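Counting with the UniProt record's numbering, you get residues 1 to 326 for the letters of the sequence shown.
Every residue, glycine too, gets a C-beta built ideally from N, C-alpha and C.
In this text, all values refer to a predicted model and were calculated from it rather than measured experimentally.
To start, the structure itself, in C-alpha cells.
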Amino acid sequence: MKNFQIIKALSSSSAVTGKAKDNSSMFIAGGTNLVDLMKKNVVAPDKLVDINGLDLKKIEFLKGKVSIGALAKNSQVAEDSSIKEKHPLLALALAAGASQQIRNMATVGGNMLQRTRCSYFYNTDMPCNKRVPKSGCGAIGGSNRMSAIFGASDSCIAVHPSDMCVALAALDATVLVEGPKGKRQINFTDFHRLPGNTPEKDNTLENRELITSVEIPDHNFTKNVHYLKVRDRTSYAFALVSVAVALDLKNNVINNARLAMGGVAHKPWRLFETEEFLKGKTVSEEIFRQAANLSMKGARGYGENDFKLTLGANAITEALTIAASK
Numbered sequence: 001m002k003n004f005q006i007i008k009a010l011s012s013s014s015a016v017t018g019k020a021k022d023n024s025s026m027f028i029a030g031g032t033n034l035v036d037l038m039k040k041n042v043v044a045p046d047k048l049v050d051i052n053g054l055d056l057k058k059i060e061f062l063k064g065k066v067s068i069g070a071l072a073k074n075s076q077v078a079e080d081s082s083i084k085e086k087h088p089l090l091a092l093a094l095a096a097g098a099s100q101q102i103r104n105m106a107t108v109g110g111n112m113l114q115r116t117r118c119s120y121f122y123n124t125d126m127p128c129n130k131r132v133p134k135s136g137c138g139a140i141g142g143s144n145r146m147s148a149i150f151g152a153s154d155s156c157i158a159v160h161p162s163d164m165c166v167a168l169a170a171l172d173a174t175v176l177v178e179g180p181k182g183k184r185q186i187n188f189t190d191f192h193r194l195p196g197n198t199p200e201k202d203n204t205l206e207n208r209e210l211i212t213s214v215e216i217p218d219h220n221f222t223k224n225v226h227y228l229k230v231r232d233r234t235s236y237a238f239a240l241v242s243v244a245v246a247l248d249l250k251n252n253v254i255n256n257a258r259l260a261m262g263g264v265a266h267k268p269w270r271l272f273e274t275e276e277f278l279k280g281k282t283v284s285e286e287i288f289r290q291a292a293n294l295s296m297k298g299a300r301g302y303g304e305n306d307f308k309l310t311l312g313a314n315a316i317t318e319a320l321t322i323a324a325s326k
C-alpha cells in the first residue's frame, strides 16, 4: 500500500470540494471494502476524504417514506425495530450479509459502492477489464463459478456482491446524491450499471458525487417477504444466488409482487416481468414454478457457473413459497 493523505470533511459540500481538489482522491467511511482494495493495490488513491463526521447517520420515518442516511451502519438499519416492522425484507437482507463485526462498521453508502469480489479483479497479476480496461476478462474461459448469468458482456462477467442492494432494488428505493452540480435523485434500479464495454464503471454516480441517503416508499410488503441466500457456507460468504421476494397477498391472491436476484449479474437483477406475471394469480406451487422459469429467461452460463441456471429457478420457487406461507 502506498502512502496517502487523509482529510476530514465537516459537511457534504466540503466533502465534495475536498475530493474535487485531487482526481485520485476517494471517500472513506467504514472502509470495509476500500481498505482491502488498497492493501491489494487494486486501487491506490493519493488522498482519502473521511466523511464519518457528516450528519448522515439518521433513520427517519417521514410522510410516505423512510430516509436512511448514507453513513448509517448496516447493523443499525438491520436491527432498527421500525425497519423490521415496515421494511422487513431490508432487515433480512442486511442480516444475511458479511459478519456481525463487518455490519457494525459497514455503511449503507459503502455497501452500495462495494466492488465485485471476482478473483481476477483482486489479483493484479491477472487480466481484468474492470481493474485495467482492455486488459481482458480472465473469468471468461477461466474460473467463473461465482460469475454472472444475466446481463454480462464480452468485457466482464463479474457480479455485484451486495445483499442489501438486492432488497433495495426490489423495494423501489431512491438514491439521493450531492455533487458539484447540486443534488439529484437516482432510481435504485438505475444506480448500478451492467458492464457493457465499460465494466470499470460500477454505477451512475458522476465525478465527485457523494451519496447522502436512500429513501424507500411506504408499501404493503410488511408480512409475506423472504430473503433467500444460497452460499457455500452459512456465514461470511457471498451469494451464489440470492432472491428477495415481497408479496402483497389477500385471500391467497397476489395483489402485488416485488422480486430481485443477487449473485447473478453486475447489478442487482430486478425481475419486472415476473412481477407482472404474478399479479392477480392465486398462490400455488405451479404458479411459482412458472414464475421461476420465466425469471430465468435469457440466462447464460459460462462453464463452471452453469449450475446457477438450475439453482436460480429453484431458489426463486423456494423464496416465493416461503414468503407466501408467512
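Per-residue burial, residue 68 [other beta carbons within 10 Å of its own, 16 or more giving buried] = Burial call: buried.
Quick one: measure Cβ to Cβ for residue 49 and residue 19, integer angstroms, because I've assumed they're closer than 8 angstroms.
-> 5 angstroms between Cβ atoms; contact.
Smallest Cα separation from residue 243: which of 318, 111, 215?
-> Residue 318 is the option with its Cα nearest to residue 243.
Cutoff 7 angstroms; reference residue 315; Cβ partners in own chain excluding five residues on either side | Cβ contact annotation for residue 315 (same chain, cutoff 7 angstroms, sequence separation greater than five): 228, 230, 241, 243, in chain order.
For residue 56 versus residue 204, is the C-beta spacing smaller than 7 angstroms?
-> In this structure, residue 56 lies away from residue 204, with their beta-carbon atoms at least 7 angstroms apart.
Around the Cβ of residue 190, are there at least 16 other Cβ atoms within 10 angstroms (buried) or fewer (exposed)?
-> By the 10 Å Cβ count, residue 190 comes out exposed.
Assign residue 169 to one of three DSSP states: helix, strand, or coil.
-> Taken through DSSP and simplified to helix, strand or coil, residue 169 comes out as helix.
Is residue 254 helix, strand or coil by DSSP?
-> Residue state, collapsed to three classes: strand.
Using the C-alpha atoms, what's the distance from residue 126 back to residue 138?
-> Roughly 7 angstroms separates the two Cα atoms.
Residue ranges of each beta strand (DSSP E) run of no fewer than 3 residues wholly in the region 221–265, ordered along the chain?
-> Counting only runs of 3 or more, we get 224–230, 241–250, 253–262.
Distance CB(residue 74)-CB(residue 103) smaller than 7 angstroms = Yes; because the gap between Cβ atoms is below 7 angstroms, this pair is in contact.
Is the region 288–301 touching the region 130–150, taking contact as three or more C-beta pairs under 8 angstroms?
-> As far as the Cβ criterion goes, the region 288–301 touches the region 130–150, which means the pair count is three or higher.
Starting from residue 47 and walking both ways along the beta strand (DSSP E), at which residues does that stretch end?
-> In the DSSP annotation of this structure, the continuous segment of the beta strand (DSSP E) that includes residue 47 starts and ends at 47–50.
Taking 7 angstroms as the cut-off, decide whether the C-beta atoms of residue 54 and residue 246 are in contact.
-> No; because the gap between Cβ atoms is not below 7 angstroms, this pair is not in contact.
Nearest residue (CA-CA) to residue 305, options 286, 29, 141 = The shortest C-alpha separation from residue 305 is found at 141.
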